[in-house]
Structure formats: C-alpha cells, structure tokens
Amino acid sequence: MASTAPTAPTRLTIHPDRALPLDPQQREVAREIYAETATLPLICMHGHVEVEAFAQNRPFADPAQLLVVPDHYVTRMIVSQGATPESLGIPRVDGGPVETDSREIFRRFCSSWKLYRGTPSRYWLEHELVNVFGVDVEPGPDTADLVFDQIAARLAAPDFRPRQLLDQFRIELIATTDAATSRLEHHALLAADGLGARVVPTFRPDAVVHLDRPTWRADIAELGAVSGIDTGSYAGYLAALRERRAAFVAAGALASDHGHLSADTTPMDASAAAELYAQALHGEPGSVTAAQVHAFAAHMLFQMAAMACEDGLVMQIHPGVLRDHHDGVFAAHGQDKGFDIPVATEYTRALRPLLQAFGTDPRFRAILFTVDETVYSRELAPLAGAYPSLRLGAPWWFLDSPEGMRRFRETATETAGFYNTSGFVDDTRAYASIPARHDLSRRVDAGFLARLVLEHRLRLDEAIETAVDLAYHLPKLAYARR
Amino acid sequence: MASTAPTAPTRLTIHPDRALPLDPQQREVAREIYAETATLPLICMHGHVEVEAFAQNRPFADPAQLLVVPDHYVTRMIVSQGATPESLGIPRVDGGPVETDSREIFRRFCSSWKLYRGTPSRYWLEHELVNVFGVDVEPGPDTADLVFDQIAARLAAPDFRPRQLLDQFRIELIATTDAATSRLEHHALLAADGLGARVVPTFRPDAVVHLDRPTWRADIAELGAVSGIDTGSYAGYLAALRERRAAFVAAGALASDHGHLSADTTPMDASAAAELYAQALHGEPGSVTAAQVHAFAAHMLFQMAAMACEDGLVMQIHPGVLRDHHDGVFAAHGQDKGFDIPVATEYTRALRPLLQAFGTDPRFRAILFTVDETVYSRELAPLAGAYPSLRLGAPWWFLDSPEGMRRFRETATETAGFYNTSGFVDDTRAYASIPARHDLSRRVDAGFLARLVLEHRLRLDEAIETAVDLAYHLPKLAYARR
Amino acid sequence: MASTAPTAPTRLTIHPDRALPLDPQQREVAREIYAETATLPLICMHGHVEVEAFAQNRPFADPAQLLVVPDHYVTRMIVSQGATPESLGIPRVDGGPVETDSREIFRRFCSSWKLYRGTPSRYWLEHELVNVFGVDVEPGPDTADLVFDQIAARLAAPDFRPRQLLDQFRIELIATTDAATSRLEHHALLAADGLGARVVPTFRPDAVVHLDRPTWRADIAELGAVSGIDTGSYAGYLAALRERRAAFVAAGALASDHGHLSADTTPMDASAAAELYAQALHGEPGSVTAAQVHAFAAHMLFQMAAMACEDGLVMQIHPGVLRDHHDGVFAAHGQDKGFDIPVATEYTRALRPLLQAFGTDPRFRAILFTVDETVYSRELAPLAGAYPSLRLGAPWWFLDSPEGMRRFRETATETAGFYNTSGFVDDTRAYASIPARHDLSRRVDAGFLARLVLEHRLRLDEAIETAVDLAYHLPKLAYARR
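Chains as they are written, first to last, in our numbering: chain A, 126 to 607; chain B, 126 to 607; chain C, 126 to 607.
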C-alpha cells in the first residue's frame with residue numbers, strides 16, 4: 126500500500142538565484158551585477174587551511190573527517206542540542222575514546238540537518254554538497270549513507286587533491302596562517318614547486334605575545350632557535366620577531382594576523398616592557414597578572430605596527446573573542462571547539478595610540494575585523510573613513526552570513542564608503558567551503574548594490590564596477606604589501 | 126451645510142494580512158505559512174495575569190480599569206506627553222486622590238490614540254478591540270463613550286470570565302508568576318477544579334534574593350513561615366528555598382523566573398554568603414552596600430541553577446532593566462509604572478560561572494531574555510549555539526513588536542538556528558492581549574520564513590514545519606521540566 | 126576612429142523617486158505621502174551656518190571654498206584614501222603652505238567622486254549640484270573644470286546670497302550656533318533688518334564648561350566682560366551664564382546646545398563645584414584632572430537644565446563623540462577636520478540625576494541626540510516614551526543618512542512612538558546642503574510610513590498626517606520655548 130512505500134529522498138538542488146533579493150526587479154538587477162563577478166578569481170587572504178595540505182597534496186580522508194569533525198560551525202550546533210563532542214569523533218586531549226566510525230558520525234550529522242535551517246552553514250554545505258561533491262539528495266537520517274558514498278566517491282577521484290582544487294576553485298591567491306616560530310619549510314616546498322606566489326604564509330605571533338599561554342616559554346625558546354637570536358632578553362625577543370617577519374616577507378607573506386581579546390594598543394615604556402618580559406620568562410610561574418598579560422599584548426600590537434612600517438606587512442587585527450568559554454570542553458578537547466564567545470569590543474580609544482603613531486603613515490596598513498556589529502556605524506566606519514592607513518575587513522566569523530553581510534553594508538557604507546573596506550575576505554579551515562563563501566558574498570553585495578540602483582542612489586555601471594572591486598580588486602589592493 | 130454635519134466615525138477593522146510582508150510574492154508565501162499556525166493552541170509560559178483572576182473567575186471591571194489603568198505600555202505613552210498618572214486613575218501609594226471616573230479616563234486614552242501609531246500597543250489594542258471586544262469604531266475623542274459602551278457590553282456577557290476566555294483564546298497552558306513566599310492556595314483551588322495542569326505557577330524568588338528590597342526582612346520571615354523552616358540562618362534560607370521550589374513543583378510549576386539588574390552569576394564563598402546574609406538580616410539597616418547587594422544576587426542566581434539541576438525547574442533569566450528610574454513616580458505610584466529603563470547588559474562573562482558549572486549538565490535548562498538587542502548576534506546566539514542547556518527566549522518587553530521580532534530572527538538565527546530558541550513566549554499582565562501577541566509573532570515569523578523560502582535558503586515544507594515548531598512545539602519543549 | 130573620440134561626459138540627473146522604496150506598491154504609497162511634505166517650509170533648529178553669512182549677505186567664494194574645503198564629510202573621505210589635508214586647501218594652524226588653487230582642489234574632489242558611492246554625501250551633493258547649482262554633468266577628472274564653471278556661474282548670480290537663499294530654500298526658521306560669550310551683534314543686525322525671528326541664535330556654552338579647553342580661562346574672562354558680571358568666582362560664573370541666557374532669549378533664541386563626551390549629569394556639591402572652579406581659574410595650569418573636567422561638565426549639564434526651567438530654553442544634548450582623535454591632524458589643522466570618532470554612550474544612568482530633578486517638570490524640555498545607534502531601542506526610546514520633558518532628536522551626524530534614518534524609525538518608533546521625537550533636525554555648516562537633507566528625510570519617512578500602511582499597521586490618512594508632523598509641526602513644537 127502507498128502508505129508503507131518508502132518515501133523517495135528529497136532531491137538536493139541549489140537554485141541559481143539563491144541569496145539574491147526576492148523582489149523581482151531587485152533580483153533582476155542583482156542578477157546582472159552578480160553575472161559580472163560570479164566567475165572572477167578568488168583572493169583568499171585570511172585562510173586557515175593548513176599549509177601541509179598544499180605541500181603534501183594528499184587525498185582527503187572520508188566525508189566525516191573532512192566535513193564534520195574539524196568544522197566547529199558544524200559540530201557546535203549538534204552539541205548545542207545535547208550530543209557530546211565524543212559522539213562526533215572530536216578527539217580528546219587525553220586520548221580517551223571517541224567515536225571512530227565515520228559513517229556513524231556522518232549519520233549523526235545528517236540526522237541533525239534541520240538544526241542548520243537559516244544558518245550560513247546550511248547555505249555553504251548545500252553549495253559544497255552539490256557543486257563540489259556532486260551530491261543529489263538531501264542529508265537526513267535515511268540518506269546519510271548514500272550522501273556519504275557520493276562524497277567518498279568524489280574524494281577518491283585523482284583530481285580531488287588540494288593543489289588541483291586551487292584551479293577548480295579558481296583560487297588565484299591563498300594565504301595560510303603560520304606561527305611566528307614556523308620554519309616555513311612547507312612554503313619552501315611550495316616555492317620549489319612553483320606555487321610560492323600562489324600559496325603564501327601569514328605571520329601570526331599570537332603564541333609569543335600572550336604571556337598567559339601555557340606554552341609561552343617553550344614558544345619563546347623556539348622563537349630563539351628558529352631565528353638564531355637569543356630571546357632571553359626583551360631586546361633579543363624584538364630582534365627575533367623582526368627576523369621572523371623578514372623571513373616571512375622573503376617567503377612571500379603579505380600580512381600579519383593578530384587575535385587579541387581587546388583592541389588595546391597602548392604601548393608600555395620600553396624598560397617596563399623589558400622588565401615584564403623578564404619576569405614572564407624567568408620569574409615564578411603564574412606571577413604575571415591578568416592586567417600585565419593584557420598590557421603586554423597591547424604593547425606588542427603597537428610594536429607590530431611599528432615593525433609593519435619597516436617591512437610593509439599588512440596588519441590584520443581580530444579582537445573581541447573570549448576563547449574557550451567552557452573550561453571543561455577546553456580541557457577535554459582543546460581549542461576551537463565552538464565555545465569561543467564574542468564580547469563587546471571598544472576600538473575608538475583602544476586603537477588611538479596606534480593610530481596617533483602610524484595612522485597617517487603611508488607605509489602602514491591595518492585591516493580591522495570585529496564580531497561586535499555595534500561598532501560598524503559607531504567606531505569602525507568613522508575610523509576607516511578618516512585614517513588613510515585603515516581598511517575595514519569583511520564581516521568575520523559569525524557575521525560571515527547573508528544577514529551579517531547585509532547589515533555590514535547597511536551600517537558601514539554610508540560613513541566609510543565602499544573603498545575603505547577590504548572587499549571580501551574569507552576565514553575558514555574548511556577548504557571545500559571557500560567557493561561557497563565567496564559566491565555568497567558576491568550575491569549579497571549584488572543584492573545590496575541592486576537596491577542602491579533601484580533607489581536611484583547609484584547607476585548600474587557604477588554598481589557593477591563596485592561589485593567587481595569588492596570581489597576582486599579591493600582584496601588585492603588592501604593586502605598589497607606596503 | 127455639509128461642513129457642519131458630524132463626521133461619521135472611522136470604522137475600526139483589522140486586515141487579514143496585517144503584519145505580513147508587503148511584497149506580493151512574500152505575502153503569498155507568508156500567508157501559506159501563517160495558515161498552518163494561525164489556529165494552533167497557545168502556550169503561555171511567562172504570564173503575569175494574577176492567579177486570583179482564574180481562581181475567583183469574577184467578571185472584569187470596566188473598560189478603563191481593564192485596558193488602561195493597569196497597562197504601563199498604555200499609560201506611559203500618555204504620561205510621556207504630559208498627562209499625570211493621577212489623571213489616568215493610577216493609584217497613589219499614599220491613597221491620595223486620582224481620577225475615579227472610568228469614562229473620563231477612557232476618554233483621555235481615546236484622545237491619545239494617535240500617540241500609539243507605529244507601536245505594538247496600537248497593534249495589540251486594535252486586535253483586542255475588534256476580535257475580543259467587538260468594537261467597530263476607531264477610538265478618538267468623539268468615539269470614546271461609544272467604544273466604552275461596546276466594551277462594557279462585552280464585559281457583561283456571562284462567558285466573558287477568565288476561565289471561559291482560556292477556551293475562547295485557545296490557551297492550552299498558562300503560567301502565572303508567584304512569589305517564593307506564595308502559599309499557592311489559588312493554584313490549589315484551580316487544581317481542585319481540574320485546572321491544575323492548565324494554569325501553573327512559576328517560582329519567582331526576586332523578593333527574597335535582592336537584599337535592598339525594602340520588604341526583604343519581612344519576606345524572609347514570611348519565607349520561614351510558609352516553608353516551616355527557620356530562615357534565621359543562611360543554611361535555613363537555602364533549605365526554605367528548596368522547600369518552596371519543591372512545593373511549586375508539586376503544584377505543577379515548570380519554571381522559575383529571575384529578574385536581575387545584571388546577568389552576573391559569580392558565586393560567593395559559602396561562608397561569605399552566610400555572613401552577608403546574617404548582616405542583611407540582623408545588621409544595622411542600610412549597612413549592606415550596593416556591591417554586596419549585587420554580589421548576593423549573582424550568588425543566588427548560581428544557587429538557583431544548582432537547585433534547578435536537582436528539581437528540574439527551567440530557569441528564566443530576565444536581566445538588564447533599571448527599575449523605577451524616577452524616584453518621584455515610584456514614591457507616588459509604586460513599581461511597574463512605565464519608568465523601567467533598560468541598560469547595556471553583558472552576558473558572555475556574566476554567565477560564565479553558571480555555564481562552567483551547569484552549562485553542559487543534561488539536568489539543567491536556562492532560557493535567556495534581553496532588552497539589549499546588541500547581544501543577540503554578539504553573545505546570546507553564540508552561547509545558545511554552543512551550550513546544550515541554553516535556549517534563547519523570545520524578544521522581550523519593548524522588543525515584543527513587529528520590528529523587534531524581525532530583528533531578533535535576523536540577528537540570532539544565523540548563529541543559534543531556530544532550534545536553540547524557545548519559540549514564542551508572551552509576557553504580559555494584560556490578559557486580553559494574549560491572543561494578539563501570539564498572533565503577531567506567528568505573522569512575523571511567517572514573513573521571515575517566507576523570505577528564506579523566496580531567497581532559496583529554505584524549502585516551503587521546512588518553513589512550515591519550523592513555523593509550527595516556533596509557535597507551539599518549541600515552547601513546550603523549552604519549558605518541559607527536566 | 127570611434128575609440129579615440131572623447132567620451133561624452135555622463136549626464137548628471139536626480140531621479141524624482143530617488144531614496145523612495147524600490148517595491149512598486151510601496152513606492153506608489155510613499156510618493157503619495159511624500160507629495161504632501163515635499164514643499165513644506167524648512168525648520169532648521171540646529172544649524173551651524175555662521176551668522177555672519179546672513180548678517181553680511183556677501184556672495185559665496187568659489188566652488189572649492191564653498192563645497193569642498195570647509196565640509197569635513199567631503200574632505201575626510203579623500204584624506205582616508207591618502208590625500209593630505211594640505212592638498213585640499215585645508216588651512217594649517219601655523220599658516221604653513223596649503224593648496225590655494227581652487228580649481229586644483231576641485232579637480233581632486235571630482236577625481237574622488239567614486240569614493241562617495243553609497244554615502245549621504247553623494248546623495249546631498251547630487252541634489253545640490255543639480256537643484257541648487259544647475260550642474261548637468263557628473264563630476265570626474267574630465268569634467269572638473271566644467272562643473273567648476275557651472276557652479277561659479279551660479280555663485281555670481283545676484284540672487285545667490287545667503288538671505289536670498291532663505292526664500293529659495295523655503296527656510297521658515299533657521300538657528301545659528303553662538304558661543305555663550307557672543308555679543309550677538311550679528312543677530313542684532315538681522316533683527317534691525319526684520320530677520321530677527323527667522324534667523325535665531327542658539328546658546329552654546331561648551332567653551333566655558335569644559336575646563337580642559339586651552340582657551341577656557343580666556344573665555345571665562347570674556348564671559349565676564351560680555352555679561353558685565355565678575356566671573357572670578359563660581360557664583361559670578363553662574364550669574365554670568367544666567368545673564369547670557371537671558372540675552373539670548375531676548376535675541377530670539379529658542380534653545381541651548383551642549384556637546385559633551387559623556388551624557389553624565391551628576392551634580393556636584395555647590396561648594397565642591399565652587400572650589401573646583403576656583404582651582405581651574407586660579408590654580409596651577411594643568412592641575413585639574415581629567416576626572417574633575419568630567420565631573421564639572423556633568424555638573425554644568427545639570428545646572429543648565431536648572432536654568433532652562435527658569436528661562437524656557439530647550440536643551441539639546443549631543444554626547445558621545447571623541448573629538449580630534451588624531452593629535453597631529455588637530456595640531457596642524459585644528460578642530461572639525463573629520464577626525465571626530467564616536468564612542469559607546471550610556472544614557473539611562475547618566476541622565477538619571479537630571480531626569481530625577483527636572484524630567485517631569487512642565488517647564489523643562491530636552492532633546493537627546495546620539496551617534497551610538499545601540500541606544501535607540503535600549504535607552505532613548507524607553508526614556509522618551511516615559512518622561513514628558515524628553516524628545517528624541519533626529520539621527521545625527523554620521524546617522525543623518527538613508528539607512529541611518531530608516532534604522533532610527535525602525536528601532537525607536539515602537540517604543541517612543543512618533544510623537545516623542547523631534548521631527549527632522551538638520552545639523553550642518555554646509556548651507557547649500559540644507560534642502561537636500563530635509564528632502565531626504567521626508568523621502569525616508571515616506572518610505573517607512575508607506576510600509577506601515579501596506580502592512581496594515583497604519584491608515585494612509587494617518588501616515589500623511591504623521592509625515593507632515595515629522596517634517597514640519599514636530600520640530601516647531603519640540604523647539605517651542607517653554
């Protein structure tokens with residue numbers, strides 16, 4: 126009887142007009158704008174794909190290990206409804222048991238599909254499943270194995286390797302994120318293979334500027350070893366950082382990246398900084414206070430800006446996230462597990478010392494990011510609309526989404542204009558999601574620009590030029606080494 | 126002559142498509158979604174209708190006493206244009222003279238009708254006037270008496286009693302708000318009449334956890350009397366609270382409710398808490414500082430969460446309102462007179478102690494509310510999108526409005542999804558406005574979901590399922606005792 | 126050959142439907158509403174056009190000196206892309222060399238035209254260029270001289286003088302901003318010419334209430350000289366301020382204006398205030414701390430409110446801008462050069478002392494402005510929706526823009542209604558932009574109201590009445606001296 130026949134699985138498709146405005150006229154204009162940007166190459170200047178992936182160019186593991194386990198956007202949503210991280214295969218720091226059956230993990234993911242309704246993860250995943258992996262049925266409890274098989278087949282294809290995907294994804298330029306202590310050996314390998322200008326490193330000194338990191342002393346020792354400069358003193362520490370920046374520049378780096386809890390850039394007295402450094406390095410463990418940690422981090426943002434004036438690395442500032450909000454999750458599973466929560470972030474006063482010193486210096490460039498939307502119209506757009514050194518980065522992290530990007534344009538453009546923004550910058554460790562992310566931003570920008578056209582605030586030819594700039598030219602310009 | 130003929134009063138109607146999107150396609154889809162939720166039963170888990178109303182089931186007083194005098198949304202708007210509270214019949218604490226002529230009060234209200242343009246009060250009132258009271262002319266100076274008479278006639282009808290309206294309003298479940306010291310005798314009466322599972326109490330300990338309440342000592346004494354446990358010590362105080370929670374659970378309570386100025390949940394040392402409690406109870410009156418009041422309130426939020434793990438009451442947290450902003454209005458008329466003003470409210474750090482302790486405990490559930498919209502995308506959605514114990518409550522108070530609810534969906538959904546929200550929760554002492562409030566939220570959600578459908582971000586069948594969940598299933602799930 | 130023929134310059138036009146909503150139905154209703162406000166007279170109660178302009182009624186200088194050099198909205202955008210202030214003719218404090226060739230300055234401006242895409246400057250400039258100056262080609266590198274010539278021709282016309290433009294712009298009433306120490310001689314001249322009630326002064330005591338202004342002592346001396354009251358003591362200072370306020374009232378002033386970093390209104394003890402005043406006036410220069418500066422400014426806001434109860438001047442409060450963020454730009458070019466950056470601003474607690482004292486006093490009126498949008502729904506609308514003395518000012522500075530005004534209506538209206546707002550208030554030193562600014566606000570309000578009509582939340586006749594009130598009646602009412 127009909128009622129007992131198995132239901133045919135829902136077909137998974139992505140609509141050519143997805144994420145374009147619903148108003149018919151606006152959609153028509155947005156389509157016209159989007160058509161001019163849809164196939165432009167991708168500039169991916171803030172990437173977290175591991176450089177090893179490109180250097181080794183090995184095939185990807187199975188669907189669960191590629192799409193579920195490492196993506197904290199995906200796993201936190203399932204955890205938020207009661208699943209344990211262990212049940213999703215997220216490794217334990219203590220090596221304790223976690224789910225290892227990738228099919229079982231993938232089933233849990235597919236059974237949670239409805240949790241992603243209305244989220245950018247749903248949007249990216251649909252795009253990836255259809256466009257990258259050729260999946261044609263909707264994920265769900267009954268289709269999990271089928272979807273798994275379809276993806277697995279694609280992963281087995283010989284052209285589905287990190288380097289080959291650069292072409293398939295039309296990635297012109299991609300940056301990786303590399304610790305200040307990195308010897309950049311993978312980048313050397315890429316350079317030897319002719320990919321040195323296409324996959325470039327980014328200098329990220331977080332581990333050596335935050336005095337409260339458990340590994341700080343070890344990282345300082347390693348910094349000395351890698352640079353060949355004795356980091357036993359503050360002067361040596363600065364010299365070693367300068368040496369590493371030079372090594373990154375030599376390896377093709379265009380930018381540095383700075384994740385701080387606060388945007389504070391107040392410099393310390395050189396002697397006070399030296400003393401605090403010595404205390405952190407040689408003093409009683411734990412004797413550095415939270416206020417001192419904060420002061421040194423602020424001081425080092427200022428120092429990094431000073432060095433940027435010398436070597437021209439573009440400075441990316443990403444403040445405002447309280448990392449590892451739940452100690453228990455952090456202790457069990459380590460960082461980046463979805464328990465990083467934003468806090469209100471102040472920029473106007475915090476950046477003032479840095480901007481007083483370098484804000485009008487033509488050798489300096491900083492790109493500002495935020496996860497606190499309230500600062501777009503109040504602080505970031507006024508700052509970027511005045512200081513020649515500043516560009517306003519694309520909506521970051523939780524805000525890299527259709528509504529988040531729309532609100533960014535609506536709240537930042539009127540004061541900063543389009544040309545004080547960086548254009549689109551993706552920020553992901555999920556390699557396969559990169560095309561979806563760029564495509565979404567181009568659609569959202571097309572929709573916003575189409576509104577300006579139809580409200581007679583911009584001509585169509587201007588809107589098209591602006592869209593192309595936002596998708597392609599502005600990221601290249603913003604990240605051009607000074 | 127025509128110019129001297131009285132103008133016919135404007136007919137009052139409510140449009141079947143009110144509060145649906147204006148775009149014709151979007152409205153069409155929204156209608157389809159709304160049709161599936163329009164007649165669903167109401168779950169009213171955060172109510173402030175007095176339990177006496179249901180227990181005694183007396184007819185309502187006249188239109189002014191029902192719709193104007195007790196509704197601070199309504200009266201504050203008239204006061205904001207220069208009327209005195211006295212002129213609107215708002216009682217004085219000192220028993221001094223206020224307007225007692227209900228027709229006169231109602232005339233003042235009707236003459237102020239244009240002040241409500243663009244407000245949710247206008248929307249709710251229109252719905253109530255037409256759908257609940259059968260009024261057919263617009264309120265205004267010339268129609269005040271006619272509208273009064275139409276409502277009065279309806280109030281006199283034998284079926285227009287609190288219990289009968291439960292059916293007429295399709296209320297499946299309604300919670301009242303009851304002080305920790307309540308003996309729950311009205312709920313006992315309702316239980317005896319078979320209404321115990323339909324009208325349930327909510328445990329609200331505010332009066333006994335805020336040390337600066339003028340009545341605190343008296344309430345502590347009463348807490349002892351009601352619980353039969355000596356509250357002369359901190360240990361007794363905790364035991365008495367535990368006893369009351371158990372009594373509430375026995376009476377059908379599903380939740381507790383906590384109104385705090387800040388969301389801070391930092392626990393104190395047990396001995397320090399005991400000492401502070403003793404000081405507040407036995408010390409020099411006024412010797413407890415504001416900082417101590419704050420610390421004890423934070424401590425007690427933590428304690429309430431601990432008890433919730435034991436007894437399963439769902440914890441509702443409502444922070445961020447500075448109550449009784451104007452001392453003169455408070456002194457003359459008491460609390461809840463429209464002079465409660467929100468303040469910026471921090472959640473990420475404030476809730477951390479509570480979430481560290483109970484955030485991943487399957488026995489714990491907290492529902493978070495805010496009147497500070499900036500926290501939706503920055504703090505609340507990331508928290509609710511990670512912690513399994515958390516649900517994000519519906520837009521509250523000033524934000525329970527068409528634009529407020531739309532912004533909530535736009536700023537919270539992308540990070541929290543729909544399924545980490547509580548679904549709709551009304552919050553009113555205006556009983557007759559309950560159907561209007563639920564109906565409005567169903568319309569706004571239908572409009573938001575229709576946009577996702579037309580932007581090809583969600584299928585229509587998914588949108589309909591989500592709408593039904595938001596209107597009915599999610600509130601039941603969120604408030605299911607753990 | 127065609128490719129070498131010069132391209133015809135793009136024609137500059139402004140569309141009759143510009144800034145109206147794009148939805149065809151909504152545009153149709155918005156047009157209907159806008160038609161009723163488009164030609165209403167302008168009420169300009171917060172103006173920064175210099176009174177000398179009206180008193181002397183001289184022709185304007187050339188296009189660059191009129192439209193570029195003095196407009197920090199315009200110049201900061203070019204500076205933000207790397208131009209020096211000097212290259213735009215912005216004078217140096219030290220009299221050092223700056224560009225003096227107005228054609229060259231104007232060429233730099235025209236070559237930067239694309240920077241303004243999506244900004245209100247673009248919108249205002251287009252309106253001005255077409256409607257006020259009769260320009261018919263788009264500014265750009267190739268058209269700069271042509272546009273310059275077209276404007277210059279208009280400036281040379283005998284009717285293009287400040288007073289004549291009052292009629293052309295349909296300005297019924299315009300306020301200037303005048304220091305507390307102003308002798309109001311220009312206003313006397315205007316009064317003698319019959320313009321005393323049309324161009325009125327505004328009392329701005331900022332220079333004499335902020336103890337850290339470099340010119341404070343000189344201004345205090347001048348205050349004594351102008352008032353004829355010895356300002357050597359705090360009592361004399363207050364008396365002198367009271368005298369000046371009376372002089373302003375006599376000269377037709379309706380309002381005072383207060384630019385403060387914070388909205389704090391906490392009064393000091395009279396004796397402490399007197400002591401601090403004496404210290405600032407007679408003590409070691411620089412001995413007044415930042416905290417004392419802040420405390421005195423807050424105290425003086427309170428005092429100004431007390432005086433407003435006596436003389437009826439409407440109090441405009443403009444807090445939340447950190448002025449002259451870059452010391453170097455300030456040292457080189459002085460204030461108002463585009464480097465004023467907003468900060469998060471608190472109102473609920475800050476205004477409480479003032480509102481406790483005067484908030485329900487029928488003699489008092491304050492109009493609140495902000496550049497921190499987060500306070501609209503959280504603080505300002507709840508305050509204005511309760512206190513009869515308060516009105517919520519129009520979106521200010523960076524927020525006086527299509528999106529900014531739309532968000533204001535969306536976030537403030539539901540709690541404050543329309544009738545607790547001031548209606549439109551422009552705020553500009555760019556005289557020629559005044560009609561564009563009023564026109565834009567009328568269009569945005571028409572669009573917002575049209576949505577309410579089409580969502581059946583307001584009738585069309587109500588929307589039209591509201592639009593007329595917002596454009597014309599409410600500003601007159603809000604600024605009517607008490």
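Just so you know, even glycine gets a beta-carbon here, dropped at the ideal spot from N, CA and C.
- Non-local beta-carbon contacts of T268 (chain A) in its own chain, meaning distances under 7 Å to residues more than five positions away in sequence, involve P134, C235 and V262 in chain order.
- Put simply, the stretch 181 to 198 of chain C does not touch the stretch 295 to 303 of chain C. Fewer than three CB pairs are less than 8 Å apart.
- Restricting attention to B:E587, B:A372 and B:V325, the CA atom closest to the CA of L348 (chain B) is found in B:A372.
- Residue pairing for M440 (chain B): DSSP places it in a beta bridge opposite B:S381 and B:A491.
- The straight-line gap separating the alpha-carbon atoms of A155 (chain A) and A596 (chain A) is approximately 14 Å.
- R576, L577, L579, E580, H581, R582, L583, E587 and T591: these are the residues of the stretch 567 to 601 of chain B whose beta carbon lies less than 7 Å from some beta carbon of chain A, given in chain order.
- In terms of beta-carbon proximity, L508 (chain C) lines the interface with chain B, with at least one pair separated by less than 8 Å.
- The alpha carbon of P444 (chain C) has as its nearest neighbour, out of C:I466, C:D274, C:G384 and C:T485, the alpha carbon of C:G384.
- CA-CA distance, G518 (chain A) to A491 (chain A), rounds to 9 Å.
- T495 (chain C) and P513 (chain A) have their C-alpha atoms some 26 Å from each other.
- Taking 8 Å as the upper bound for CB-CB distance, R567 (chain A) and Y159 (chain A) are in contact here, some 6 Å apart.
- For the stretch 267 to 335 of chain A, the full-length alpha helix (DSSP H) segments reaching 4 residues or more read 269 to 280, 287 to 293, 310 to 317 and 331 to 334 along the chain.
- Straight-line measurement puts the Cα of S246 (chain A) at about 15 Å from the Cα of N256 (chain A).
- Only R201 and M202 from the stretch 186 to 203 of chain C bring a Cβ to less than 7 Å from some Cβ of chain A.
- About 6 Å separates the CB atoms of A457 (chain C) and V218 (chain C); that is less than 8 Å, so the two are in contact.
- When Cβ pairs closer than 8 Å are counted between the two stretches, the stretch 465 to 473 of chain B is seen to touch the stretch 446 to 453 of chain B, the count reaching three or more.
- In this structure, DSSP gives V550 (chain B) a state outside helix and strand, which the three-state scheme calls coil.
- Taken in chain order, the members of the stretch 238 to 268 of chain A whose beta-carbon sits within less than 8 Å of a beta-carbon on chain B are K239, L240, Y241, R242, G243, T244, P245, R247 and Y248.
- About 18 Å separates the beta carbon of A332 (chain B) from that of G172 (chain B), a gap too long to meet the 8 Å contact definition.
- At a cut-off of 8 Å between C-beta atoms, G518 (chain B) does not count as an interface residue with respect to chain A.
- For the pair T536 (chain B) and L599 (chain B), the CB atoms are not nearer than the 8 Å cut-off.
- Within the model, the alpha-carbon separation for F421 (chain B) versus R474 (chain C) is close to 22 Å.
- Going by DSSP, L401 (chain C) is part of the alpha helix (DSSP H) stretching over A395 to H407.
- Our two residues, R323 (chain C) and P520 (chain C), have alpha carbons roughly 24 Å apart in a direct line.
- Counting other Cβ atoms within 10 Å of its Cβ, P339 (chain B) stays below 16 and is therefore classed as exposed.
- Taking 8 Å as the cut-off, the beta carbon of V418 (chain B) is found closer than this to the beta carbon of H335 (chain B).
- Secondary structure note for I203 (chain A): its alpha helix (DSSP H) is the uninterrupted segment H197 to V204.
- Sequence-distant partners of C169 (chain C) (beyond 5 residues in either direction) whose C-beta falls short of 7 Å from its own C-beta, in its chain, are I296, L298, I299, A300, D551 and I559.
- Excluding the 5 residues flanking it on each side, Y402 (chain C) has same chain C-beta neighbours closer than 8 Å at S358, Y359, Y362 and F421, in chain order.
- Judged by DSSP in its simplified three-state form, L602 (chain B) adopts helix.
- In the DSSP annotation of this structure, the continuous segment of the alpha helix (DSSP H) that includes L508 (chain C) starts and ends at A506 to A509.
- Taking 8 Å as the cut-off, the Cβ atoms of L315 (chain C) and A180 (chain C) count as close.
- Secondary structure at V569 (chain C): helix, using DSSP grouped into helix, strand and coil.
- I139 (chain A) carries a coil assignment under DSSP once its states are collapsed to helix, strand and coil.
- Looking at the DSSP output, I466 (chain A) sits in a beta bridge with A:L447.
- Interface with chain A (8 Å Cβ-Cβ cutoff): R183 (chain B) is excluded.
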